[in-house]
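**Student:**
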Amino acid sequence: MAIPERFSNLPEYAFPRLRTLLSGIAPGVKNGESPTVLTIGEPRHAMPDFVAGVMADTIAGFAKYPPNEGAPGLLSAIGGWLGTRYGLDVAPDRIMALNGTREGLFNAALALCPERVNGQRPAILIPNPFYQVYAVAAAAVQAEPVFVPATPETGNLPDYAALPAEILDRTAIAYLCSPANPQGAIADRDYLERLIALADRHDFLVFADECYSEIWRDAPPPGALAVAAAMGLADRVVIFNSLSKRSNLPGLRSGFVAGGAASIAQIRRLRAYAGAPLSLPAQAVSEAAWRDESHVAASRALYQQKYAIADRVLGNVPGYRPIQGGFFLWLPVEDGEDAARTLWAQAGIQVLPGAYLSREVGGINPGKGFVRVALVADAGQTEAVLHRLRAVLYDGTTDGEG
């Protein structure tokens, strides 16, 4: 049986590619040190201290089928958080719990992308570089993925308004990640207002991936749904958020989607047939997490400490841009693959070539001249490893003292 071409044409995923790239290269560690892996965005800060207790108290819930859309208490907690964080009043029927936002970012395209837009094959707009589920969602609905550069020249955010009208007029969905993965850029209110107005003018939806919204440098990033609501255009936006980064609970696989009533109704309808709801104990933990901000503030302070370390160690590197949100450094290099091999061989540091998070368009891959570095270790480890990284990549030494 043949594999559908729309999936067979997808490039190999980033992490298997990295394993192949580094295969046969011994990590250059010294004095019995262990290799340092800074590739995967897996938070390592402590998870909230109430998790085990809530799970234990609700353990009997594993014997029951959970509600697909989310238990009332969880939907209420998410709605309350949206109200506190963004000043939104979102009814429970405009929210659905997710088994991690990757599920939602994919399935929302299945639920909401039409087969034709103005009689033509739909287009789905994707920032380039990007979180890879956006591209596979476009492939699944047989839309044309339109990769739009998000580079230092565009503020590391996609300039969708610069696209030709013939593309915008058949666009069904535009993905946006803010704070951006991998560059750490934040879409400010002006940017969001322009994008939402563009979506309204050309009749498409904005899928706002806001998984890093609670990790920021100076001020909380604006939310796309709140901006849209203030414009009277809330139905133009679908937002996705998660407890993975906010609450250091990536293994819980818990997030949510919220938006206009019609959009969420369609997403819920698909979920009823093909979804995988969270278990009731997981929903109880999630409810507790969305109702608590103290653990979020404590974790954010640790990231802000690491921002300062990165600025101090790397701030005078040409092309270095301070992280505004999220926890990835997007570091300029001549060639990301060469840099990744060199770092692994000389310092035992594993980073991700930026080209693995991008697509080549017109002979240009906008991620080629970068590596992504996840600031997930503690402050002491972060400072030590960034000194070693700087020594190898920018100072031409391997002693880690540069």
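Just so you know, we're using full-length UniProt numbering here: the sequence shown kicks off at 1 and counts up by one. Don't be surprised by glycine CBs; every beta carbon is placed ideally from N, CA and C.
1) I'd like the ranges of any alpha helix (DSSP H) spanning at least 4 consecutive residues and lying wholly in the segment 137-208.
2) CB-CB under 8 Å to PHE62, same chain, minus the five flanking residues each way: which ones, in chain order?
3) Counting only runs that start and end within the segment 368-395, where is the alpha helix (DSSP H) found for 4 or more residues in a row?
4) Give the secondary structure of ILE126 by DSSP, where H, G and I count as helix, E and B as strand, and everything else as coil.
5) Does the segment 288-304 touch the segment 147-160, meaning 3 or more C-beta pairs lie closer than 8 Å?
6) Indicate the three-state DSSP secondary structure (helix, strand or coil) for ALA261 in the structure shown.
7) Verify whether the separation of the beta carbon atoms of GLY260 and ARG94 is less than 8 Å.
8) Beta-carbon within less than 7 Å of LYS368's beta-carbon, same chain only, minus the 5 sequence neighbours each way: which residues are those?
9) By alpha-carbon positions, which one of GLY232, GLU287, ALA384 ends up nearest to LEU82?
10) Roughly how many angstroms separate the alpha carbons of LEU10 and PRO127, rounded to a whole number?
11) Do you know how far the Cα of VAL51 is from the Cα of TYR273?
12) Report all residues from its chain with a CB closer than 7 Å to the CB of GLN266; omit the five preceding and five following residues, and keep chain order.
13) By a C-beta neighbour count over all protein chains shown, 10 Å radius and 16 as the cutoff for buried, is PRO35 buried or exposed?
14) For the alpha helix (DSSP H) containing TRP344, name the first residue and the last one.
15) Would you identify the three-state DSSP class for VAL238, choosing helix, strand or coil?
16) Ordered along the chain, which non-local residues of its own chain (more than five positions away) have a Cβ less than 8 Å from that of GLU5?
17) In or out: THR20 buried (at least 16 other Cβ within 10 Å) or exposed?
18) Are the segment 377-397 and the segment 358-365 touching by the rule of at least three beta carbon pairs closer than 8 Å?
19) Of the choices ASP292, ILE364, PRO221, whose alpha-carbon is the least far from that of GLN324?
20) Would ALA219 and GLY87 qualify as a contact pair, given that the criterion is a beta-carbon distance under 8 Å?
21) Quick check: what's the CA-CA separation for GLY400 versus ILE78?
22) Taking only the alpha-carbon atoms, compute the straight-line gap between THR171 and PHE7 and give it to the nearest angstrom.
23) Quick one: what's got a C-beta closer than 8 Å to GLU383's C-beta in the same chain, skipping five residues either side?
**Tutor:** Reading from the atomic positions:
1) Qualifying alpha helix (DSSP H) stretches, in chain order: 165-168, 189-202.
2) To locate residue 62, count along the sequence shown from 1; it is residue 62. Here the set comprises SER279, LEU280, PRO281.
3) 379-393, all fully within the segment 368-395.
4) Translated into positions along the sequence shown, residue 126 becomes position 126. DSSP places ILE126 in strand when its eight states are reduced to three.
5) No, the segment 147-160 is not in contact with the segment 288-304.
6) Residue numbering aside, residue 261 sits at position 261 when the sequence shown is read from its first letter. Collapsing the DSSP output to three states places ALA261 in a helix.
7) If you number the sequence shown from 1, residue 260 lands on position 260. If you number the sequence shown from 1, residue 94 lands on position 94. Note that the C-beta distance between GLY260 and ARG94 is below 8 Å.
8) Along the sequence shown, one-based indexing puts residue 368 at 368. Cβ neighbours of LYS368 beyond the five flanking positions: ASP335, GLY336, GLY354, ALA355.
9) The residue given as residue 82 occupies position 82 in the sequence shown. Checked all of GLY232, GLU287, ALA384; the closest Cα to LEU82 is GLU287.
10) Position 10 of the sequence shown, counted from the first residue, corresponds to residue 10. Position 127 of the sequence shown, counted from the first residue, corresponds to residue 127. Taking the CA atoms as reference points, LEU10 sits about 17 Å from PRO127.
11) Locating residue 273 in the sequence shown gives position 273, counting from the first residue. Locating residue 51 in the sequence shown gives position 51, counting from the first residue. Going by the C-alpha atoms only, they are around 30 Å apart.
12) Looking up residue 266 in the sequence shown gives position 266. Sequence-distant partners of GLN266 (beyond 5 residues in either direction) whose C-beta falls short of 7 Å from its own C-beta, in its chain, are ALA111, LEU112.
13) Residue 35 sits at position 35 when you count from the first residue of the sequence shown. That one is exposed.
14) Looking up residue 344 in the sequence shown gives position 344. Element bounds for TRP344: 336-347.
15) Taking the first residue of the sequence shown as 1, we reach residue 238 at position 238. Look at VAL238 here: in three-state DSSP terms it is strand.
16) Position 5 of the sequence shown, counted from the start, is the residue given in the question as residue 5. Here the set comprises nothing.
17) On the sequence shown, residue 20 is found 20 positions in, with the first residue counted as 1. That one is exposed.
18) Verdict: no, contact absent.
19) As a first step, residue 324 is located in the sequence shown; it is residue number 324 there, counting from the start. For GLN324, the nearest C-alpha among the options comes from PRO221.
20) Residue numbering aside, residue 219 sits at position 219 when the sequence shown is read from its first letter. Residue numbering aside, residue 87 sits at position 87 when the sequence shown is read from its first letter. No, the pair does not count as a contact, with Cβ atoms beyond the cut-off.
21) The residue you call residue 400 lines up with position 400 of the sequence shown. The residue you call residue 78 lines up with position 78 of the sequence shown. In this predicted model, GLY400 has a pLDDT of only 46, less than 50, meaning its place in the structure is not dependable enough to derive any value.
22) Within the sequence shown, numbered from 1, the residue matching residue 171 stands at position 171. Within the sequence shown, numbered from 1, the residue matching residue 7 stands at position 7. Each residue's alpha carbon lies about 21 Å from the other.
23) The count along the sequence shown starts at 1 and reaches residue 383 at position 383. Excluding sequence positions up to five before and after GLU383, its CB lies within less than 8 Å of the CB of ILE309, VAL313, all in the same chain and listed in chain order.
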